[in-house]
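These notes are about the structure you will find just below.
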Amino acid sequence: MERRWFSAMGTTIELFVDAEGAEASLDAAEGEFHRLEAILSRFRESSELSRLNREGSADPSFDLRRVLELALGGRASTAGRFDPTVHDALVAAGYDRSFEQVPADGSATAGGAACGGDVRLDERVELGPGVRVDLGGIGKGYAAECAAMLLAAAGPCLVNAGGDLALRGGSWPTGVETPEGTLTLELTGGGLATSGIDRRRWRRGGREIHHVVDPATGEPAETDLLRITVAAGDLVEAEIWATALLVAGAEEAAAEADRHGLPSVLVTKDDRTILAGGLA
Amino acid sequence: MTSHTGRLYTLALALLVFFLAWAAFAARPWSRTANGASVKALAAREQRLHRQSLAVQRIVTRRWAVYRAQLRHRRALNAAAPAPAPAPSVRVVTLPPLTITRTS
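Chains C and A supply the protein sequences, listed in that same order.
The opening position of the first sequence corresponds to residue 119 in the working numbering, with each subsequent residue numbered one higher.
The opening position of the second sequence corresponds to residue 698 in the working numbering, with each subsequent residue numbered one higher.
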């Protein structure tokens, strides 16, 4: 088993591959994260996404187009609970720079910003007036899937992108934190994402703020869930549903996870653990 | 004296005639018809290439329109029914975890 750690996309990336002499594949997987960060980061002035947000239209590269397609597909399949046009709402909440640089405390923010903006994707991508896009979570999921694909050439592998996992082959016992202790899930493929309001928090005007925006209000989501872990066919889908189900709240999240067959572990603010989506 | 001057004039005239003949020879008046033929051939070739480029442009425009229509159709299909990835195999076990998932 070979392992590697490095920083990219504002988090720590951990690569595991069940093979010997996989240096070239590990290099390729690490390079893929850095390549995609240069395209998809909203914190880099020179990124393709930043140019799109500045200019309102672009002739997108394959990767930007693909992530936008996936994000818009996610918006459609989650009835808008997942939305890539939350950029201005995040900025309005104070998350306007890489998270390590966001001040932990500060004066009150201006309030929410409208979401659900128009994104037209044809030969070019065109944003509606005033619409800006954030591809933070889904971009990381996409990068992890691409890296896993490269790493899989060497053997069964797992890519852990700051707690979100993309897997190819093998059997991987993965811990999920619950109030009762660590619950271990065994996964053999697909993706596993955790979305929550227990991290990436800050204060504005004496009020606790977190990074998960409810597109219906344009403000940090009011939810009775502390965090939710969702397994899906790939990490991008898991990311989309983890965010959407967190916004939905415990009762509806459990019902939707069952309906869509998404194995999920829900942890509520009052320290209850709920298994859903066929997980028992 | 007179005969010496006469010889000089004769020599000068001979040189003049020689250079005029040389200039006339260098101009190759007999090759004018050949140049005209090559210019005509070039013009004909240019017209033929122009006609061919128009034909190619028409074909490319037609194929591009077909491709765009197919792309729109494919995207509409994708948007209507995104292909779901196969459901993952997940179960709760009692093994120690190799890694941990947490809020990212």
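C-beta atoms are modelled at their ideal positions from N, C-alpha and C, and glycine is treated no differently.
Predicted model, so just to flag it, every value in this text is computed and none were measured.
Proximal residues of chain A, C-beta to C-beta of residue i below 8 Å
| i | result |
| --- | --- |
| Gly313 (chain C) | Correcting the residue type first, residue 313 (chain C) is Ser in the shown sequence and not Gly. Under the 8 Å cutoff, chain A gives Thr800 and Ser801. |
| Asp282 (chain C) | Thr798 and Ser801 |
| Ala349 (chain C) | Pro785 and Val787 |
Residue i classed as buried or exposed, judged by whether at least 16 other C-beta atoms fall within 10 angstroms
| i | result |
| --- | --- |
| Asp177 (chain C) | exposed |
| Gly257 (chain C) | buried |
| Ile756 (chain A) | exposed |
| Thr130 (chain C) | exposed |
| Thr203 (chain C) | buried |
| Pro221 (chain C) | exposed |
| Pro793 (chain A) | exposed |
| Asp206 (chain C) | buried |
Coarse secondary structure for residue i, derived from DSSP in three states
| i | result |
| --- | --- |
| Gly309 (chain C) | strand |
| Cys233 (chain C) | coil |
| His328 (chain C) | strand |
| Arg215 (chain C) | coil |
| Pro726 (chain A) | helix |
| Asp252 (chain C) | coil |
| Ser165 (chain C) | coil |
is_contact[residue i, chain A] using C-beta, thresh 8 Å
| i | result |
| --- | --- |
| Val251 (chain C) | no |
| Arg345 (chain C) | yes |
| Glu132 (chain C) | yes |
| Leu310 (chain C) | yes |
| Pro381 (chain C) | yes |
| Lys258 (chain C) | yes |
| Leu144 (chain C) | no |
Min CB distance residue i to chain C below 8 Å
| i | result |
| --- | --- |
| Pro785 (chain A) | yes |
| Leu746 (chain A) | no |
Nearest-angstrom Cβ-Cβ length linking residue i and residue j, presumed shorter than 8 Å
| i | j | result |
| --- | --- | --- |
| Glu120 (chain C) | Val135 (chain C) | 5 Å |
| Ala349 (chain C) | Leu305 (chain C) | 7 Å |
| Gly224 (chain C) | Gly235 (chain C) | Actually they do not touch by this definition, with Cβ atoms about 26 Å apart. |
| Arg286 (chain C) | Ala270 (chain C) | 4 Å |
| Val294 (chain C) | Thr347 (chain C) | 5 Å |
Within chain A, partners of residue i - CB distance below 9 Å
| i | result |
| --- | --- |
| Arg317 (chain C) | Arg799, Thr800 and Ser801 |
| Asn278 (chain C) | Thr796, Ile797 and Thr798 |
| Ala226 (chain C) | Under the 9 Å cutoff, chain A gives no residues; its nearest Cβ is about 25 Å from Ala226 (chain C). |
| Leu397 (chain C) | Val787, Arg788 and Val789 |
Within chain C, the residues that residue i reaches when beta carbons sit closer than 8 Å
| i | result |
| --- | --- |
| Val790 (chain A) | Pro291, Thr302, Leu303 and Glu304 |
| Leu739 (chain A) | Going along chain C, no residue has its Cβ under 8 Å from Leu739 (chain A), so there is no contact; the nearest lies around 39 Å. |
Within-8 Å CB hit, residue i to chain B
| i | result |
| --- | --- |
| Val294 (chain C) | Considering every chain present, this structure includes no chain B. Its protein chains are C and A. |
Contact list for residue i against chain C, beta-carbon separation under 9 Å
| i | result |
| --- | --- |
| Ile726 (chain A) | In the sequence under discussion, the amino acid at residue 726 (chain A) is Pro, which differs from the Ile named in the question. Those do not exist, as Pro726 (chain A) stays about 59 Å from chain C at its closest Cβ, beyond 9 Å. |
Listed by chain order, chain A residues near residue i by CB distance under 7 Å
| i | result |
| --- | --- |
| Thr129 (chain C) | Ser801 |
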